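Taken in order, these protein sequences are the chains called G and D.
According to the numbering used here, the first sequence is numbered sequentially starting from 8.
According to the numbering used here, the second sequence is numbered sequentially starting from 22.
Written below as structure tokens is the structure these notes are about.
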Amino acid sequence: MSNYPLLSLAIWIPIGAGLLVLMTGGDRNAPLARMLALAGAVAGFLVTVPLWLGFDVSQGGMQFVELANWIPRFNINYHLGVDGISMLFVVLNAFITIIVVAAGWEVIQNKVAQYMAAFLIMSGLMNGIFSSLDGILFYVFFEASLIPLYLIIGVWGGANRVYAAFKFFLYTLFGSLLFLLALMYLFFQSGGSFSILDWHKLPIELTPQIWVFLAFLIAFAVKVPMWPVHTWLPDAHVEAPTGGSIVLAAIGLKLGAYGFLRFSLPIAPDASQELAGFIIVLSLIAVVYIGFVALIQADMKKLVAYSSIAHMGFVTLGFFMFSALAIEGALVQMISHGFVSGAMFFCIGVMYDRVHSRQIADYGGVVNTMPKFAALFMLFTMANAGLPATSGFVGEFMVILAAVEFNFWVAVLAASSLIMGAAYSLWMYKRVIFGAVANKHVEELTDINGREFAILAVLAICTLWMGLYPQVFTEVMHASVNDLLRHVAVSKIH
Amino acid sequence: MDMKSLYLLVPLAPLVGAIIAGLFCRIIPRWVAHTATIAGVGIAFAASVVIFMDVMAGNTFNGTVYTWLTSGTYTFEVGFLIDTLTATMMLVVTSVSLMVHIYTIGYMQEDPGYNRFFSYISLFTFSMLMLVMANNFMQLFFGWEAVGLVSYLLIGFWYTRPTAIFANIKAFLVNRVGDFGFILGIGLVLAHFGTLDYATVFAKAPEFANATINIWGDQEWSLMTVTCICLFIGAMGKSAQVPLHVWLPDSMEGPTPISALIHAATMVTAGIFMVARTSPLFELSTTALSFVIVIGAITALFMGFLGIIQNDIKRVVAYSTLSQLGYMTVALGASAYSVAIFHLMTHAFFKALLFLAAGSVIIGMHHDQDIRNMGGLRKYMPITWITSLIGSLALIGTPFLSGFYSKDSIIEAVKFSDIPGAGFAYFAVLAGVFVTAFYSFRMYFLVFHGEERFGKDDHGHGHDDHGDDHHHGLAPGQKPHETPWVVTLPLVLLAIPSVIVGYIAVGPMLAGDYFKDVIYVDQAAHPALATFLSTFHGAAAMGMHAFVTPAFYLAFGGVALSWFFYMKRPDIPAAIQRRFSGINTLLENKYYFDKINEFVFAGGARVLGKALWRGGDVGLIDGLIVNGSARLVGWVSSISRLFQTGFVYHYAFAMIIGLIALMTLWLNRA
Numbered sequence: 008m009s010n011y012p013l014l015s016l017a018i019w020i021p022i023g024a025g026l027l028v029l030m031t032g033g034d035r036n037a038p039l040a041r042m043l044a045l046a047g048a049v050a051g052f053l054v055t056v057p058l059w060l061g062f063d064v065s066q067g068g069m070q071f072v073e074l075a076n077w078i079p080r081f082n083i084n085y086h087l088g089v090d091g092i093s094m095l096f097v098v099l100n101a102f103i104t105i106i107v108v109a110a111g112w113e114v115i116q117n118k119v120a121q122y123m124a125a126f127l128i129m130s131g132l133m134n135g136i137f138s139s140l141d142g143i144l145f146y147v148f149f150e151a152s153l154i155p156l157y158l159i160i161g162v163w164g165g166a167n168r169v170y171a172a173f174k175f176f177l178y179t180l181f182g183s184l185l186f187l188l189a190l191m192y193l194f195f196q197s198g199g200s201f202s203i204l205d206w207h208k209l210p211i212e213l214t215p216q217i218w219v220f221l222a223f224l225i226a227f228a229v230k231v232p233m234w235p236v237h238t239w240l241p242d243a244h245v246e247a248p249t250g251g252s253i254v255l256a257a258i259g260l261k262l263g264a265y266g267f268l269r270f271s272l273p274i275a276p277d278a279s280q281e282l283a284g285f286i287i288v289l290s291l292i293a294v295v296y297i298g299f300v301a302l303i304q305a306d307m308k309k310l311v312a313y314s315s316i317a318h319m320g321f322v323t324l325g326f327f328m329f330s331a332l333a334i335e336g337a338l339v340q341m342i343s344h345g346f347v348s349g350a351m352f353f354c355i356g357v358m359y360d361r362v363h364s365r366q367i368a369d370y371g372g373v374v375n376t377m378p379k380f381a382a383l384f385m386l387f388t389m390a391n392a393g394l395p396a397t398s399g400f401v402g403e404f405m406v407i408l409a410a411v412e413f414n415f416w417v418a419v420l421a422a423s424s425l426i427m428g429a430a431y432s433l434w435m436y437k438r439v440i441f442g443a444v445a446n447k448h449v450e451e452l453t454d455i456n457g458r459e460f461a462i463l464a465v466l467a468i469c470t471l472w473m474g475l476y477p478q479v480f481t482e483v484m485h486a487s488v489n490d491l492l493r494h495v496a497v498s499k500i501h
Numbered sequence: 022m023d024m025k026s027l028y029l030l031v032p033l034a035p036l037v038g039a040i041i042a043g044l045f046c047r048i049i050p051r052w053v054a055h056t057a058t059i060a061g062v063g064i065a066f067a068a069s070v071v072i073f074m075d076v077m078a079g080n081t082f083n084g085t086v087y088t089w090l091t092s093g094t095y096t097f098e099v100g101f102l103i104d105t106l107t108a109t110m111m112l113v114v115t116s117v118s119l120m121v122h123i124y125t126i127g128y129m130q131e132d133p134g135y136n137r138f139f140s141y142i143s144l145f146t147f148s149m150l151m152l153v154m155a156n157n158f159m160q161l162f163f164g165w166e167a168v169g170l171v172s173y174l175l176i177g178f179w180y181t182r183p184t185a186i187f188a189n190i191k192a193f194l195v196n197r198v199g200d201f202g203f204i205l206g207i208g209l210v211l212a213h214f215g216t217l218d219y220a221t222v223f224a225k226a227p228e229f230a231n232a233t234i235n236i237w238g239d240q241e242w243s244l245m246t247v248t249c250i251c252l253f254i255g256a257m258g259k260s261a262q263v264p265l266h267v268w269l270p271d272s273m274e275g276p277t278p279i280s281a282l283i284h285a286a287t288m289v290t291a292g293i294f295m296v297a298r299t300s301p302l303f304e305l306s307t308t309a310l311s312f313v314i315v316i317g318a319i320t321a322l323f324m325g326f327l328g329i330i331q332n333d334i335k336r337v338v339a340y341s342t343l344s345q346l347g348y349m350t351v352a353l354g355a356s357a358y359s360v361a362i363f364h365l366m367t368h369a370f371f372k373a374l375l376f377l378a379a380g381s382v383i384i385g386m387h388h389d390q391d392i393r394n395m396g397g398l399r400k401y402m403p404i405t406w407i408t409s410l411i412g413s414l415a416l417i418g419t420p421f422l423s424g425f426y427s428k429d430s431i432i433e434a435v436k437f438s439d440i441p442g443a444g445f446a447y448f449a450v451l452a453g454v455f456v457t458a459f460y461s462f463r464m465y466f467l468v469f470h471g472e473e474r475f476g477k478d479d480h481g482h483g484h485d486d487h488g489d490d491h492h493h494g495l496a497p498g499q500k501p502h503e504t505p506w507v508v509t510l511p512l513v514l515l516a517i518p519s520v521i522v523g524y525i526a527v528g529p530m531l532a533g534d535y536f537k538d539v540i541y542v543d544q545a546a547h548p549a550l551a552t553f554l555s556t557f558h559g560a561a562a563m564g565m566h567a568f569v570t571p572a573f574y575l576a577f578g579g580v581a582l583s584w585f586f587y588m589k590r591p592d593i594p595a596a597i598q599r600r601f602s603g604i605n606t607l608l609e610n611k612y613y614f615d616k617i618n619e620f621v622f623a624g625g626a627r628v629l630g631k632a633l634w635r636g637g638d639v640g641l642i643d644g645l646i647v648n649g650s651a652r653l654v655g656w657v658s659s660i661s662r663l664f665q666t667g668f669v670y671h672y673a674f675a676m677i678i679g680l681i682a683l684m685t686l687w688l689n690r691a
């Protein structure tokens, strides 16, 4: 199995399929474009399955490594590989791609080929991010992946899409410029290497470490997004089409968080320890402050977007407590958030497609006309509130427990999400789903069709599977996370 | 079949029933739903009986079903601990659940959500069983939240009623406040013991008796005190102790069968069970026990007062439940864990009986729940009448009935307790006896005796606002009728244990070594129960002795006074209400807990959210920083735009692709 360049396939199959879909041209050939896109997404997913099945859980280092010269003059290589931290995200990303292709199936009627192609190309680029072991290769994928998402929001988005797309683009561009500077610094410091793994071993003094860390921080914090550079996310979500929101939430936000583990912690361990308190404070603000902000949102997408920020707060919190339970909890939270927020955005999309409103006030009593939908939406709402037996519980539970060990008051603030998460999730659910039929639009709703049911059912199975048996997800992480922790514990200052 | 498979069968049988009835609720006919779920719960009950016998024969079990998660040095498992405490809870849960399942056939027969309802109550049974059978804190928390979910679904079962969907979110959120403390307690256990497995934690507990943690500044707190109080906050939510009790009366919005099963007999006692289960931890902190006993005493007495002024039949029983949960909590605080579990068990039977009987009355009254519209029902509903009387007598502690043994044991144990707060608790539980007897028989007399007040035109207090299509109350001239056998059979079957279970169990459960090795009491520090038991000479003697205790006369006085007030001189209560209108207003507003919560917490959270959003996100971050920079850029670009087409993504895409291609080609050539 591992003789095949699986990671290259995972990157280039979706991109190739995307280009192929583009060639089908105008909307006359939309059915063909859809079928091709689905085939490409499924093929892209299938090549990632052996990554998981063939993964050696006892090994913490890189697996499925591919190495080729790209630009020898600057020692830039096409260097791929995954470890226990990144592997699941490649699989998750490929999986979510199928979901978004299916989610846009009959909803998107305008520029179908371009829409599908954008998602496929983005999927390939994101796989590139998760598997790059070369700094420049990573940077290229990291930046390139912005473009399809930018297009998705800007072309298929809502009324205010231009503002949202600009905001998104500028925010993230701002961060990535500093990131590039940091990469250049590391290149010269390491005596001419762009290998991320070399950088891990590179000794750096504390002051430059802190500068490198801060440069990384700005790039990644915007992506996560961390408070206070989060305000692009609600706008981007609100304006993005359903598929865009799903990818953004499920994968897009994970890129920044992943960056912390691949770059910040191992390259600047001393600075990470030094500034951990600062990151933890920002994370707790995200959890608490954003919880309150989410509570009063009138727009469902904004509400879920804010809840995403709060959930990602758990991720960054987990990373900087430097314990296996915390980091694995954060990783579990990232994957779970992929399922749950993806499903939440899809649920909102299902209602939006019918009523053309995202305002909570325009709904009420949806359960009367869409009982099947209401049941599934309930599951994801509860998962969003962190109910045990759903995936949403596992990561929060792990991070909160690790936080008690770390510092009691950090845990108190983190655990407040138990209350706030339930409050904003269930209050929205109550106003939208329960009650008597509120208006003519709700009365005319039709329950979910087979396609929508299939998407939600698959996500529901994932959510429950991860909630009931998270061990299959965490066992691949152990070796790599333990290696990382050992690495971070050793000072790089000489 | 080996025992381990049998243990698995107990929770899984109801789960299978719930899945059949739930996933296919829109396809299958009603008989399939109730047959499947009743079969599931029936199997669970039968298996529980077998397991109980096996446990009594001395075969306990503590083992893992599967490893849920490993991380770092920690292992989280799903597993079962089967001992006498678990076996008792399993019997209580499955037997009451079985009765409620049967009862539901009659109670819900006109409801369109019939199949869904059966699915929920079976799912509840599964969750509750997972909770009581757990051998670790993680699974306990799992079951804990899962029963909360089902409670939420069932309170909001009639989801078009505004009051129901308000009550269910309130219940969930108040419980989450409790869980907030609970998870911190679990975290403290994990952080210091390195595991969540009960057996390991309890074995290690004595080592931590004097351990301290630094919570704030230089203050050192006893680790066990902090841990136990955190855990107990969880119990306060689930078992509805003041001030987290506010959800339970509102939970009466749910259909009556679940009020009996979830909000009286089983789920609300989960907190009591949890504290009893973790007795080796609580025993290490007298401070925590004091906290427990004071909270319990407040709940027992002050919630009882509220029962006096309720006119909704279900709400009277609900406040009675609150008060009785307070009694159990007081027992826990007095280190009389076995007595708390004993009262939990007897209460489960007689309170389920009282709720189901109330439900039977509600059916008979055509969904009028106001006791002021009832009266004289004993003629029309004889079985409901007799069983209600039995339940009420058991509740108030009539000698030789089940409630007597458990409640009197609590009072006696508290009397001998000397931890701080025990004096107040003793007063509260003793005064509570009078209050309990008074409100119970007030309801009993108003419902079953006296003038027939139904069938008048002006009925329907309190329930008109529900807006569903049930017609409420009896039409003029219409008479109530006894309910069908599926409703009355569970009443009779629950009346039996309500009478006898106390007499049978008091000896072995309290004085015997039934809970030996299961519940730990530090005899030297907390000798209250042992002191009481040294005077115990069997169930019969205890029953005879009752006639010289103050509790008996207080209960008798309560019944007598309610008879005088509501049968003889109904003008007196009205006069008292007028005379003491201040107190009446306080009680009618339930001590203003709801108003404070709504204003301070719910309102405050919304105001804070708005302030943070408008001030922080929209004002400061977006308004000043982001859009400010954007305006600056906009101004610059308004000049440079003259040269360009204006589609930034064109440029970006071209730029990146071009850059990669150029770099690759040009640099490789060189």
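For every residue, glycine included, the Cβ atom is placed at its ideal position computed from N, Cα and C.
The structure presented is a predicted model; accordingly, all values stated were derived computationally and were not measured.
Show which residues of chain G have a CB atom less than 8 Å away from the CB atom of residue i.
i              : result
R627 (chain D) : L302, I303
With residue i as the anchor, note down where its alpha helix (DSSP H) starts and where it stops.
i              : result
T307 (chain D) : 307 to 329
V231 (chain G) : Element bounds for V231 (chain G): n/a, residue is neither H nor E.
T606 (chain D) : 602 to 609
Quick check on residue i: buried or exposed, where buried means 16 or more other Cβ atoms within 10 Å of its Cβ?
i              : result
T104 (chain G) : buried
D534 (chain D) : exposed
L184 (chain G) : exposed
L217 (chain D) : buried
F568 (chain D) : exposed
V28 (chain G)  : buried
Y613 (chain D) : exposed
Applying a beta-carbon distance threshold of less than 7 Å, which residues of chain D neighbour residue i?
i              : result
P210 (chain G) : Under the 7 Å cutoff, chain D gives no residues; its nearest Cβ is about 28 Å from P210 (chain G).
E150 (chain G) : I677
How would you list, in chain order, the residues of chain G whose beta-carbon sits under 7 Å from the beta-carbon of residue i?
i              : result
D200 (chain D) : L425
P183 (chain D) : G442
Can you grab the Cα-Cα spacing for the pair residue i / residue j, in whole Å?
i              : j              : result
L44 (chain D)  : R399 (chain D) : 42 Å
A673 (chain D) : G640 (chain D) : 30 Å
D429 (chain D) : V247 (chain D) : 31 Å
I500 (chain G) : K208 (chain G) : 11 Å
F664 (chain D) : L653 (chain D) : Residue confidence is low: F664 (chain D) scores 49 on pLDDT, short of 50, so the model does not pin down where it sits. Its coordinate-derived value is still stated next. F664 (chain D) and L653 (chain D): Cα-Cα distance of roughly 18 Å.
V444 (chain G) : L452 (chain G) : 10 Å
G483 (chain D) : A109 (chain G) : Only weak support exists for where G483 (chain D) lies, its pLDDT of 45 falling under 50; the coordinates are left without a value.
Going by DSSP, which residues form a beta bridge with residue i?
i              : result
V99 (chain D)  : D:Y87
N100 (chain G) : DSSP lists no partner for N100 (chain G).
Going by DSSP, what residue range makes up the beta strand (DSSP E) through residue i?
i              : result
L416 (chain D) : Unbroken run through L416 (chain D) is the alpha helix (DSSP H), 403 to 417; no beta strand (DSSP E).
Name the chain D residues whose beta carbon is nearer than 8 Å to that of residue i?
i             : result
F81 (chain G) : L688
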